[in-house]
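Following this note's numbering, the numbering of the sequence shown begins with 58 at its first residue and continues without gaps.
In this text, a Cβ means the ideal position worked out from N, Cα and C, and glycines have one as well.
Note that the coordinates shown come from a computational prediction; the quantities given were computed from them, not determined experimentally.
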Amino acid sequence: MKIKIQLDTNDRLIAWGNANDNREVGEKIGDLLVIDQQDMSQLVENHAALIDGQIVLDEGYTEPAGPVGIVQPSAEQQMMAAVMLRVAKLEASS
């Protein structure tokens, strides 16, 4: 699968995205490089590097134990959601 990658000065993966299949491997698009990457599990930003034309995950990298970046709703947000659900149910029944 062709992807576009952005690397830092040490060939470490900063960002990536899908590339159009019409792009040539090795083509530069601004500061992005088109490569053909078969193992998408290796694409972990800040934990992988470009080696011999493929992104390779850092040796010893382990995924975080739980979800990252999930914020629990506040008590006020939970209460508002409950009220909105009640109103929606009342409106649906009338």
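CA-to-CA distance, residue j to residue i, given in whole angstroms
| i | j | result |
| --- | --- | --- |
| LEU70 | LEU64 | 5 Å |
| VAL101 | SER131 | 30 Å |
| ASP115 | VAL128 | 28 Å |
| GLU81 | MET58 | 12 Å |
| LEU90 | ARG143 | 51 Å |
| ALA122 | SER150 | 43 Å |
| GLN95 | MET141 | 46 Å |
| THR119 | GLN134 | 34 Å |
Residue i burial status per 10 Å Cβ neighbour count (16 or more: buried)
| i | result |
| --- | --- |
| LYS61 | buried |
| ALA76 | buried |
| ALA138 | exposed |
| ILE86 | exposed |
| LEU147 | exposed |
| ALA145 | exposed |
Within-8 Å CB hit, residue i to chain D
| i | result |
| --- | --- |
| GLN63 | The chain inventory of the structure shown lacks chain D, comprising one protein chain alone. |
8 Å Cβ cutoff met for residue i and residue j
| i | j | result |
| --- | --- | --- |
| GLY110 | ILE92 | yes |
| ASP68 | LEU107 | yes |
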